[in-house]
Amino acid sequence: MSSIRTSTPPHPTQLTLPIQQAHFIWYCAWLSVPSAAYAYAHPATTHLALIPASVFATSILYWRNPLRDSWRRKLDMAVVYTGVSYNSYYAYRYTSPLQFQYYAQLIAASLGCYITSNYLLNCGRVWPATYAHASIHLFANIANLALYHANQNNAICK
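Just so you know, we're using the working numbering here: the sequence shown kicks off at 1 and counts up by one.
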């Protein structure tokens, strides 16, 4: 874990989460790697692999030193928002209504985890907030895998 620490520790009030919890989220960011690999491995979804790969890159960049007011946080959040928006459009446009509903429900669960995480953090419950944030990564990547699998079954190549 020492490889993800900074040489000069920031003041705890500058961090989104304490370093111990940030390390936990840093490891959860790796859940995007199987999503990217799965998308890349199939011709119908190769073009979508950039989304989880970009989320992975910006997440590990941010969570190694999670300063609340940093360009890395803004970049991470912008990449996540853009990726979810594009995948949601793609799911709506290129999957069946049932497959889209499944994807949308998983993304909604991920959003619920984000809201819950922020609430718990504001209440000072750091570890529960961390677990809720980790669940964002879990639900979003399950949603990605469901979307990519649905597109492979539909044999959509765009």
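C-beta: ideal position from N, C-alpha, C; glycine also.
These numbers were taken from a predicted model, which means no experiment stands behind them.
(request) Compute the distance between the beta-carbons of residue 129 and residue 113, then report whether it is under 8 Å. (result) Here residue 129 is not near residue 113, since their CB atoms are 8 Å or more apart.
(request) Spatial neighbours of residue 140 within its chain, please: CB distance less than 6 Å, with the 5 preceding and 5 following residues excluded, ordered by chain position. (result) Exclusion of the five residues before and after residue 140 leaves 110 as the residues of its chain whose Cβ lies within less than 6 Å of its Cβ.
(request) Quick one: measure Cβ to Cβ for residue 63 and residue 26, integer angstroms, because I've assumed they're closer than 8 Å. (result) At roughly 4 Å, the Cβ-Cβ gap stays under 8 Å, so residue 63 and residue 26 are in contact.
(message) Quick check on residue 115: buried or exposed, where buried means 16 or more other Cβ atoms within 10 Å of its Cβ?
(response) Exposed.
(request) Report the rounded CA-to-CA distance for residue 103 versus residue 85, giving the unit in angstroms. (result) Taking the straight line from one Cα to the other gives about 12 Å.
(message) Assuming contact is defined by CB atoms lying nearer than 8 Å, are residue 67 and residue 14 in contact in what I supplied?
(response) Yes, the Cβ-Cβ distance between residue 67 and residue 14 is below 8 Å.
(request) Count the C-beta pairs between the stretch 39 to 52 and the stretch 15 to 24 that are closer than 8 Å, then say yes if the count reaches three, no if not. (result) Inter-segment contact for the stretch 39 to 52 and the stretch 15 to 24 is absent: fewer than three beta-carbon pairs are separated by less than 8 Å.
(message) I'd like to know whether the C-beta atoms of residue 39 and residue 148 end up nearer to each other than 8 Å.
(response) A contact, by the Cβ cut-off of 8 Å.
(request) Check residue 17 in the structure and name its three-state DSSP category. (result) Reduced to three states, the DSSP call for residue 17 is coil.
(message) So residue 57 and residue 95 are supposed to be a Cβ contact under 8 Å. How far apart are they, rounded?
(response) Contact flag wrong, Cβ pair sits at about 26 Å.
(request) Could you tell me which uninterrupted alpha helix (DSSP H) segments, each at least 4 residues in length, are contained entirely in the stretch 55 to 116, listed from first to last along the chain? (result) The qualifying runs are 71 to 94.
(request) Pull up the distance between the alpha-carbon of residue 16 and that of residue 73, whole angstroms please. (result) Rounded to the nearest whole angstrom, the CA to CA distance from residue 16 to residue 73 is 9 Å.
(request) Quick one: using the 10 Å Cβ neighbour count with 16 as the cut-off for buried, is residue 158 buried or exposed? (result) With a pLDDT of 44 at residue 158, under the threshold of 50, the predicted position of this residue should be treated as unreliable, though the coordinate-derived value follows. Exposed.
(message) Can you tell me whether residue 128 is helix, strand or coil according to DSSP?
(response) If DSSP states are grouped into helix, strand and coil, residue 128 belongs with the helices.
(request) Would you please state the rounded distance, in angstroms, between the beta carbons of residue 229 and residue 55? I believe it to be under 8 Å. (result) An answer regarding residue 229 cannot be provided, because it is not within the stretch 1 to 158 covered by the chain.
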